[in-house]
Amino acid sequence: MTRRVVITGMGVVAPNGVGLEAYAAALRAGTSGLRHIPIMAERKFGCTVAGIPQGTDEIAERYFDPDELLAMNSNHRFGCIAAIDAWTDAGLTRPERGDETVDWDAGAIIGTGIGGMDTAGQKLIPMTDAAKVRRLGSTMVEQVMGSGVSARVSGLLALGNQVTSNSSACSTGTEAIVEGMYRIRAGLAERMLCGGSEGSSHYIWAGFDAMRVLCRTHNDEPELASRPLSASAGGFIPGSGAGILHLESLESAERRGARIYAEILGGALNCGGHRGGGSMTAPNPESVQRCIRAAVGDAEIGTDEIDVINGHLTATGADPKEVASWSKALDRTTKDFPVIMSTKSMIGHALGAAGALESVASVLMLRDGFAHPSINCEDVHPEIAAFEASIPHSCREMPDLKTVIKAGFGFGDVNACAIFRKWTRKVS
Amino acid sequence: MTQEEIFDKVVEIVTPYAKNHEALGDVTEETNILVDLEVNSARLVDVILAFEDAFDIEVEDEDADAVNTVGDAVELIQNLLD
Numbered sequence: 028m029t030r031r032v033v034i035t036g037m038g039v040v041a042p043n044g045v046g047l048e049a050y051a052a053a054l055r056a057g058t059s060g061l062r063h064i065p066i067m068a069e070r071k072f073g074c075t076v077a078g079i080p081q082g083t084d085e086i087a088e089r090y091f092d093p094d095e096l097l098a099m100n101s102n103h104r105f106g107c108i109a110a111i112d113a114w115t116d117a118g119l120t121r122p123e124r125g126d127e128t129v130d131w132d133a134g135a136i137i138g139t140g141i142g143g144m145d146t147a148g149q150k151l152i153p154m155t156d157a158a159k160v161r162r163l164g165s166t167m168v169e170q171v172m173g174s175g176v177s178a179r180v181s182g183l184l185a186l187g188n189q190v191t192s193n194s195s196a197c198s199t200g201t202e203a204i205v206e207g208m209y210r211i212r213a214g215l216a217e218r219m220l221c222g223g224s225e226g227s228s229h230y231i232w233a234g235f236d237a238m239r240v241l242c243r244t245h246n247d248e249p250e251l252a253s254r255p256l257s258a259s260a261g262g263f264i265p266g267s268g269a270g271i272l273h274l275e276s277l278e279s280a281e282r283r284g285a286r287i288y289a290e291i292l293g294g295a296l297n298c299g300g301h302r303g304g305g306s307m308t309a310p311n312p313e314s315v316q317r318c319i320r321a322a323v324g325d326a327e328i329g330t331d332e333i334d335v336i337n338g339h340l341t342a343t344g345a346d347p348k349e350v351a352s353w354s355k356a357l358d359r360t361t362k363d364f365p366v367i368m369s370t371k372s373m374i375g376h377a378l379g380a381a382g383a384l385e386s387v388a389s390v391l392m393l394r395d396g397f398a399h400p401s402i403n404c405e406d407v408h409p410e411i412a413a414f415e416a417s418i419p420h421s422c423r424e425m426p427d428l429k430t431v432i433k434a435g436f437g438f439g440d441v442n443a444c445a446i447f448r449k450w451t452r453k454v455s
Numbered sequence: 002m003t004q005e006e007i008f009d010k011v012v013e014i015v016t017p018y019a020k021n022h023e024a025l026g027d028v029t030e031e032t033n034i035l036v037d038l039e040v041n042s043a044r045l046v047d048v049i050l051a052f053e054d055a056f057d058i059e060v061e062d063e064d065a066d067a068v069n070t071v072g073d074a075v076e077l078i079q080n081l082l083d
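As given, the protein sequences belong to chains A and B, one line each in that order. Once you know that position 391 of the first sequence is 418 in this note's numbering, the rest is easy, because the numbers rise by one and skip nothing. Once you know that position 75 of the second sequence is 76 in this note's numbering, the rest is easy, because the numbers rise by one and skip nothing.
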């Protein structure tokens, strides 16, 4: 019998809201967190809009010691704030300084897409090139290493189970959650902090701008710049932040009497092998559909049980293909298509954190019974027009909302999909 | 710069790295930076760089390795300033 995995805590650091309640309110209201970013204009980016969480330095000063702060770039700050919030939201307490107890049953899978490029760009590379290696100090490695955030979190919370950072481009955050679910199911851990974080740095975003995949048409109207599902979508808006879910075995949650938000019914991970239309930058539609169907199969539900799709939907030319894949994979036509939205319309595309931020949004929608709006798509794309009734332009109350499916697709033709179900306290 | 001024500056520089906040209230020349103040040993590199910036000095690696107490640091800095 497979062990059931539930979500008992969440933490979020998003461009439109830091903390669960601020984020939930912003999602309901359709509040954009996107802003004009002066450094992008100064460096002659085609896109000068991005999503950066606000007020995080003040929170970081409350949460972390001064010597910790000296070794924490934006990626670390976002990821660690979200992890600590998820931990305390789950009813757990931060260990006291000097407490040598290690929590052997709890681990972390916290991924990053690109990582500590602000540290690399501002210090590591210019100082190394200026032959000032000795002046770099002791904090470079931990800020640029791929596992930096999960490593810091493990020390803050004395985690003793597997602690790692996955990286699979824009599917990273969703992949981390699915991997954590597998680990708990397998009986290898009782609790796992899972999700993703991505720092705010124009060095991260420059390569995407050079590829001309960032939106250049709405620099003067930042809040209108992220336009998934629309005819006027012209590329994505880079975002940043972190989302962390505290996953727990149902046994452990019941033993602790923990509050349960939702169950992770199932998930799937795959790759399209850069075949059948897939490439380094585009998904193979067959692999996308296989991933979705595999997640539904893993969840042991019917495709007709899906109420809401929180899509990948970045606002590039891939949106119509994605909607077509959802329709085919779920065997749901325009007549009975689930509600579909893009959280990225409000927060931009947070790369390695995207799937995690959007999973937190998905679970908040289950918790509170609503479908958040997908903003900036009043002009629905002609190839998606037949699905328009499924797209909420304003917040849609859904008190009976039970099941949300979330997917993320990333460079490298990689896919991740997870299915969340509202917890009703009736154990079958 | 008097020895007292150097001492105060050294304590100020070490303060953000100290994990033992209580011990900071009672620092003497004999206070061990790693053991008593619980500064992470990896961070000693950053403390030495901060000394260099604050006093406009250059500290050789072997001299840095010999710094254990606050008094050691004060003496080293005093010698380099003289």
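Virtual Cβ for every residue (Gly too), placed ideally from N, Cα, C. None of these values were measured; they are calculated from a predicted model.
Once the 5 residues before and after residue i are set aside, which same chain residues still bring their CB inside 8 Å of it?
| i | result |
| --- | --- |
| A/C309 | Correcting the residue identity first, residue 309 of chain A is Ala in this sequence and not Cys. Closer than 8 Å at the Cβ level, and outside the excluded window around A/A309, lie A345 and D440. |
| B/S42 | L35 |
| A/G300 | N311, S314 and D440 |
Report all residues from its chain with a CB closer than 7 Å to the CB of residue i; omit the five preceding and five following residues, and keep chain order.
| i | result |
| --- | --- |
| A/D132 | N188, A216, E217 and R218 |
| A/S192 | I137, G138, T139, G173, S174, V176 and S177 |
| A/I418 | L256, I367, M368, S401, C404 and V407 |
| A/G82 | V45 |
| A/F438 | A196, C197, M307 and T308 |
| A/R104 | T83 and A87 |
| A/D145 | N100, S101, G226, S228 and Y230 |
| B/E31 | T70 and G72 |
| A/I41 | The amino acid at residue 41 of chain A is misidentified as Ile; the sequence shows Ala. Taken in chain order, the residues that qualify are Y50, G60, P80, G268, I374 and L384. |
Is residue i helix, strand or coil when you go by DSSP?
| i | result |
| --- | --- |
| A/A157 | coil |
| A/V176 | helix |
| B/T70 | strand |
| A/L272 | strand |
| A/T343 | coil |
| A/K449 | strand |
| A/F72 | coil |
| A/R62 | strand |
| A/K150 | helix |
| A/T83 | helix |
| A/C444 | strand |
| A/C318 | helix |
| A/S101 | helix |
| A/A467 | Since the first residue of chain A shown is 28 and the last is 455, residue 467 of chain A is not available in this structure. |
| A/D130 | strand |
| A/T244 | coil |
| A/T430 | strand |
| B/L77 | helix |
| B/E31 | coil |
| B/G26 | helix |
| A/G182 | helix |
| A/T35 | strand |
| A/R423 | strand |
| A/G324 | helix |
| A/P265 | strand |
| A/V45 | strand |
| B/V40 | coil |
| A/G300 | coil |
Ordered along the chain, which non-local residues of its own chain (more than five positions away) have a Cβ less than 6 Å from that of residue i?
| i | result |
| --- | --- |
| A/G13 | Chain A is shown from 28 up to 455; residue 13 of chain A falls before or after that span and cannot be answered. |
| A/V454 | Reliability of the predicted coordinates at A/V454 is poor, the pLDDT of 49 falling under 50, and the value obtained from them is presented with this limitation in mind. Within the same chain, A/V454 has no close Cβ partners at all. |
| A/I336 | W353, P365, I367 and I432 |
| A/G148 | Y230 |
Looking at the C-beta of residue i, does it have a partner C-beta in chain C at a distance below 7 Å?
| i | result |
| --- | --- |
| A/D145 | Going by chain labels, chain C is absent from the structure shown, which instead holds the protein chains A and B. |
Query raised in the report: Does the region 372-388 of chain A come within contact of the region 264-275 of chain A, defined as at least 3 CB pairs closer than 8 Å?
Result: yes
Query raised in the report: Listed from N- to C-terminal order along the chain, which residues in the region 163-184 of chain A have their beta-carbon within a distance smaller than 8 Å of any beta-carbon of chain B?
Result: Listed by position along the chain: G164, S165 and T166.
**Report entry** Under 7 Å (Cβ pairs) to chain A, residues found in the region 44-55 of chain B
**Finding:** Within the region 44-55 of chain B, the residues whose Cβ lies closer than 7 Å to some Cβ of chain A are R44, V46, D47 and L50, listed in chain order.
Query - Any 3 or more C-beta pairs closer than 8 Å across the region 53-64 of chain A and the region 361-376 of chain A - result: Yes, the region 53-64 of chain A touches the region 361-376 of chain A.
Report task. Give a yes or no on contact between the region 282-296 of chain A and the region 84-101 of chain A, applying the rule of three or more CB pairs nearer than 8 Å. Result -> no
Query raised in the report: Counting Cβ pairs closer than 8 Å, one from the region 388-395 of chain A and one from the region 442-449 of chain A, do we hit at least three?
Result: yes
Query raised in the report: Touching or not, the region 231-240 of chain A and the region 417-437 of chain A, by the rule of three or more beta carbon pairs under 8 Å?
Result: In short, these stretches do not touch, since the Cβ pair count stays below three.
**Report entry** Any 3 or more C-beta pairs closer than 8 Å across the region 50-61 of chain B and the region 71-83 of chain B
**Finding:** yes
Query - Residues within the region 200-226 of chain A neighbouring chain B, beta-carbon criterion of under 7 Å - result: From the region 200-226 of chain A, no residue has a Cβ closer than 7 Å to chain B.
Report task. Spell out a yes or no on whether the region 427-440 of chain A and the region 314-324 of chain A are touching, meaning 3 or more CB-CB pairs, one atom from each, closer than 8 Å. Result -> yes
Query raised in the report: If contact means a Cβ-Cβ distance below 9 Å, which residues of the region 83-112 of chain A contact chain B?
Result: D92, P93, D94, L96, L97 and A98
Query raised in the report: Whole beta strand (DSSP E) runs in the region 185-223 of chain A with 3 or more residues, listed along the chain?
Result: none
Requested in this report: At 4 residues or longer, and completely inside the region 334-410 of chain A: list those alpha helix (DSSP H) runs for me, N to C.
Outcome: 346-357, 371-374 and 381-395
**Report entry** Selection of the region 117-129 of chain A by Cβ proximity to chain B, strictly under 8 Å
**Finding:** R124
Query raised in the report: Counting Cβ pairs closer than 8 Å, one from the region 205-215 of chain A and one from the region 257-265 of chain A, do we hit at least three?
Result: no
Query raised in the report: Taking Cβ-Cβ distances below 8 Å as the criterion, which residues of the region 29-42 of chain B are in contact with chain A?
Result: V40 and N41
Query raised in the report: Which of the residues in the region 8-23 of chain B, read from start to end, lie with their CB under 7 Å from any CB of chain A?
Result: P17, Y18 and K20
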